[in-house]
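Residue numbers (the working numbering), protein chains in the order written: chain A, 1 to 439; chain B, 1001 to 1305.
Below is one structure, written out as structure tokens; comments come after it.
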């Protein structure tokens, strides 16, 4: 943007323009909401549809749009054009970069201390487990989307495979969580390869829609194959994990009794918290290590340019398949953990919304940034919790947040990429300069 | 044989509805190059608006069914088209030159917004309507007493689809707007240089797509006699499958794909199992993309280096 700020202000539209714009918005809103909000339909007890009018709500909504439009326009003038480069003073910049370097270690230490700090607050511990589960899923999907550039809209399928693998193996054969965890990962990875094969030749949006279809197929099969999966009723009575074979229960053979301390149900929650923390950190560690191996570099090369990749002799088939398998494996681990934590699973937990949520976390985090995934998961799940009371508005707000965040920061929170490989100097570049692969 | 003929009729009717939705996907994909995830929900909004308009008209004492149908069709098309325009304006236009994933996620977000907006505004329960158009014709009476029926609703659905398709084909091939649309599809920069208002053309694409989806929503309401807030998701994926099957970007392909998906789904339910009909439709999507990545009538994508 070459225009100077002075020129911007002199061209700023006047009050009449803002008023006119708000009026048009309000008119559009009036037409949009006229029937959907102004009239409410409901089936009566005899099956007959009746309707009643809600002109008060309609007027309130239109007025809100009118007012909101004026506020947004004023804000826009005050803030200036979105893509202006803002000059940040040097001290602020260095302070910011110091803070940026400190965020990850501080978060890590904080995560380890959460069960100590909030031992008595069951709610916070549960929320922490939930956030960590999504962090793990985000990191797993990051391998596929962020590193290999393969858009996967059906990630929840692998989560489901992992969860059902553990649930069925444990309830039918009595295998323990620690035996099933690798099995769940392997089975999910196997499904990842199975999905990977047909989609090898697909690119971009086609890949997205096929993975979405795959996720739906898995869910529909789980719902309909009632003999195996219990259908919509799900699987109940999934056993809890043990510590080297010692259950964390109130009985005489429980951990509390062996250590001679008083039993408390919180022990189990804390134990679960550390399991998922360890699993998530394992995911992160493996991903960071893989990025330095030839296969990780091949993934990133594939994301940047598939044709060049092939020209350089990289086997795109194995590269894509390993990306799918690795991502799916972590999804499977997370699924097994989910099953053991809940003790009950049903197909309801594995809808497209979950896939979209995890993908939103990855993209909002900034595609390929490990720290970004953590921040995005905290923001998304935390934001979700804020709206827990307003249950029916929750998804509405989530959808709006997704749209607004994409408009505000299409590149995600951590909008720059530090190169994995560098010649002399490590220099982060804005991700606007990174070409998005069509793999 | 009679059973098969009956399923064929049902499948073609269902396929017409899918085809109407699929056109919206294929047009937007052709011009903007994105999957408009919210399109299935636009179809659902169209169904709701048709239902509400119908209720109001009936309660005002209007009894002439053709007049009611015409008014419902026009109102629903107009309001739903405005929904399409607004969605594009709010969620997609600011991301026009952003990177590839951004508009897609914005579209997924918009789809959640529309689904939950209708749930909040109109309640979560299924809304049934009594059959508006009744009666039908017996085409053939089999020896075992099986009757092949062609109901009046089915005739109306098919005829409306054909008329709209003719109108739409005329619009794309003969009018100024259609020429602009085809120009934008080939090369947006060049079209803009030659004086085509690209933003307006893209907006109009969304408006037309939404209007056709509104018709599909109304036909769905007439044919199945119910709407609910969640019907957009599955219908949307199937219509997208149809668009891909026919070759995305190709308008006759979208209609052909829609008919094929409708037929496959109906025949699968009739001869195999109802529970797995969606699995069948999605599996076909995967199989088609493996062996025919450009769809039936699509042009092969040239890989540029």
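Ideal Cβ placement from N, Cα and C applies to all residues, glycine included.
For residue 1149/B, the enclosing beta strand (DSSP E) stretches over residues 1147–1151.
The DSSP-derived three-state label of residue 143/A is helix. Less than 8 Å divides the Cβ of residue 330/A from the Cβ of residue 139/A. The distance from the Cβ of residue 73/A to that of residue 21/A is about 6 Å, consistent with a contact at the 8 Å cut-off.
About 17 Å separates the CB atoms of residue 282/A and residue 341/A; that is not less than 8 Å, and the two are not in contact.
Shortest Cα-Cα distance from residue 233/A to any of 239/A, 240/A, 222/A involves 222/A. Taking C-beta atoms as the reference points, residue 1084/B and residue 1210/B count as a pair closer than 8 Å. For the pair of segments examined, the segment 349–361 of chain A was found not to touch the segment 181–200 of chain A: the number of CB pairs separated by less than 8 Å stays below three. By the Cβ criterion, the segment 1123–1141 of chain B is not in contact with the segment 1165–1175 of chain B, since fewer than three pairs of Cβ atoms, one from each stretch, lie closer than 8 Å. Judged by their CB atoms, residue 1035/B and residue 1202/B are not nearer to each other than the 8 Å cut-off. Residue 1072/B places its beta carbon 8 Å or farther from that of residue 1219/B. Shown here for residue 1144/B: not one same chain residue has a beta carbon closer than 7 Å to its own, the five before and five after excluded. Among the residues of chain A, none has a CB under 7 Å from the CB of residue 1185/B; the nearest is roughly 16 Å distant. Runs of the beta strand (DSSP E) lying entirely within the segment 1143–1221 of chain B, each at least 3 residues long, are 1147–1151 in chain order.
Pairing residue 1161/B with residue 1024/B gives a Cβ-Cβ distance that is not under 8 Å. Contacts with chain A at 8 Å (Cβ-Cβ) do not include residue 1044/B. Between the C-alpha atoms of residue 247/A and residue 125/A there is a straight-line separation of about 20 Å.
Residues of the same chain with a CB within less than 8 Å of the CB of residue 1003/B, apart from the 5 flanking positions on each side, are 1146, 1270 in chain order.
Straight-line measurement puts the Cα of residue 1001/B at about 51 Å from the Cα of residue 1089/B. Beta bridge pairing from DSSP links residue 1128/B with 1226/B.
Straight-line spacing of the CA atoms in residue 129/A and residue 393/A works out to 24 Å. For residue 32/A, the chain B residues whose C-beta falls within less than 8 Å of its own C-beta are 1079, 1082, 1083, 1086, listed in chain order.
Neighbours of residue 1188/B in chain A, taken as residues whose beta carbon is under 9 Å from its own, are absent, since the nearest beta carbon is some 18 Å off.
Per DSSP, residue 51/A is one residue of the beta strand (DSSP E) stretching across 49–53.
Assigned with DSSP and collapsed to three states, residue 1088/B falls in helix. Straight across, the Cα-Cα distance linking residue 1116/B with residue 396/A is about 5 Å. Collapsing the DSSP output to three states places residue 239/A in coil. Contacts with chain B at 8 Å (Cβ-Cβ) include residue 363/A. The three-state reading of DSSP puts residue 40/A in strand, counting E and B together. In its chain, beyond the 5 residues on either side, 150, 151, 199 have a beta carbon closer than 7 Å to the beta carbon of residue 207/A. If you ignore the 5 residues before and after residue 277/A, its C-beta comes within less than 8 Å of the C-beta of 111, 112, 132, all in its own chain and listed in chain order. At least one C-beta of chain B is nearer than 8 Å to the C-beta of residue 403/A.
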